[in-house]
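Chemist: This structure is in C-alpha cells; I'll ask about it shortly.
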Amino acid sequence: MKRETFFLKAVVVLMGFPVVALCIFIIPEIAAFLVELVPSLTYLQYPFMIGLYASAGIYFVALYQVFKLLGYIDKDLAFSDLTVQVLKNIKLCAASIGGLFILFMPFIFMMGDMDDAPGIVLIGLIIIFACMVIAVFAAVLQKLLQNAIAIKQENDFTI
0 MKRETFFLKA VVVLMGFPVV ALCIFIIPEI AAFLVELVPS LTYLQYPFMI
50 GLYASAGIYF VALYQVFKLL GYIDKDLAFS DLTVQVLKNI KLCAASIGGL
100 FILFMPFIFM MGDMDDAPGI VLIGLIIIFA CMVIAVFAAV LQKLLQNAIA
150 IKQENDFTI
C-alpha cells in the first residue's frame, strides 16, 4: 500500500468515528428533545430518528466509496471507468444526505425556534450546503475524469 493513500485511508476511517458516536449518543437525545419541545409531534420521533440514521448510513456508504477510490488509485486505476462510477456514487450519496436534511429542516427550525437556539438551524444549513458542494465537486470531477479517459482512449487508438 502506498504511503500517501495509507494516510488518506486512515483519515477516512477516522472520519467515521464521530458519526458512530453521534448515532449512539446524540441522535436519540435529539429525537427525545423534539418530542419534549412539541409533545403533539410524538408520532414523528421515530421517523425523525430513522431519517437521521439513514443519513448516517448513506454517509458510511460514501466513506466506503472513497475508500474504494483510494484503492483504485493504489492499483493505478485512477483513469478508469471504475473511478467514474465511484465518483457518481459519491455524488449521489452527498445529494441524498442533503435532500434528507432539506426534509428535516422544518423540524430543525421548529426545535431552534422553540428552544431559542438559532445555531441549530445554522448547523442544518451548513450540512445541506456542504453536501451540495461535495455533490457538485464530485460531478465536476466525474465529468473531467470521463473526458480524460476519452482522450486517453483516443490517444491509445492513434498510436
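With the first letter of the sequence shown counted as 1, position 2 gets the number 1 in numbering that gives the first Met the number 0; the numbers rise by one all the way through.
For glycine and all other residues, C-beta sits at the position ideal for the given N, C-alpha and C.
Predicted model, so just to flag it, every value in this text is computed and none were measured.
My output table needs one value for residue 53: the three-state DSSP class, helix, strand or coil.
Modeler: Here residue 53 sits in helix by DSSP.
Chemist: Assuming residue 104 and residue 123 are in contact, meaning their beta carbons sit under 8 Å apart, how far apart are those beta carbons, in whole angstroms?
Modeler: About 6 Å; that satisfies the 8 Å criterion.
Chemist: Please report the distance separating the alpha-carbon of residue 69 from that of residue 86.
Modeler: Cα to Cα, the separation comes out at about 11 Å.
Chemist: Using a 10 Å radius around the Cβ and a threshold of 16 neighbouring Cβ atoms, would you call residue 33 buried or exposed?
Modeler: Buried, because 16 or more other Cβ atoms sit within 10 Å of the Cβ of residue 33.
Chemist: Between the C-alpha atoms of residue 17 and residue 148, what's the straight-line distance to the nearest angstrom?
Modeler: In a straight line, the C-alpha of residue 17 is about 36 Å away from that of residue 148.
Chemist: Could you give the DSSP three-state label for residue 76: helix, strand or coil?
Modeler: Here residue 76 sits in coil by DSSP.
Chemist: Using a threshold of 7 Å, state whether the C-beta atoms of residue 66 and residue 11 are closer than that.
Modeler: Cβ distance < 7 Å, so residue 66 and residue 11 count as in contact.
Chemist: So, using beta-carbon positions, are residue 83 and residue 44 closer together than 7 Å?
Modeler: No, the pair does not count as a contact, with Cβ atoms beyond the cut-off.
Chemist: Applying the criterion that 16 or more other CB atoms from any shown protein chain within 10 Å of the CB defines a buried residue, is residue 137 buried or exposed?
Modeler: So residue 137 counts as buried.
Chemist: Where do the N-terminal and C-terminal ends of the alpha helix (DSSP H) with residue 217 fall, by residue?
Modeler: The chain is shown from 0 up to 158; residue 217 falls before or after that span and cannot be answered.
Chemist: May I have the straight-line CA-CA distance separating residue 13 from residue 125, to the nearest angstrom?
Modeler: The straight-line gap from Cα to Cα measures roughly 21 Å.
Chemist: Give a yes or no on contact between the segment 23-38 and the segment 46-61, applying the rule of three or more CB pairs nearer than 8 Å.
Modeler: Flag = yes, the segment 23-38 and the segment 46-61 touch.
Chemist: Among 62, 37, 40, 92, which one has its Cα closest to the Cα of residue 9?
Modeler: With distances taken between Cα atoms, residue 9 lies closest to 62.
Chemist: Quick one: Cα of residue 112 to Cα of residue 39, how far?
Modeler: Taking the straight line from one Cα to the other gives about 16 Å.
Chemist: Which of the three DSSP states is assigned to residue 116 in this structure?
Modeler: In the structure shown, residue 116 sits in coil (DSSP, three-state: anything other than H, G, I, E or B).
Chemist: Please name the residue, chosen from 93, 73, 37, 41, that lies closest to residue 54 on a Cα-to-Cα basis.
Modeler: Among 93, 73, 37, 41, the Cα nearest to that of residue 54 belongs to 93.
Chemist: Could you have a look at residue 1 and say whether DSSP puts it in helix, strand or coil?
Modeler: The answer is coil: DSSP assigns residue 1 none of H, G, I, E or B.
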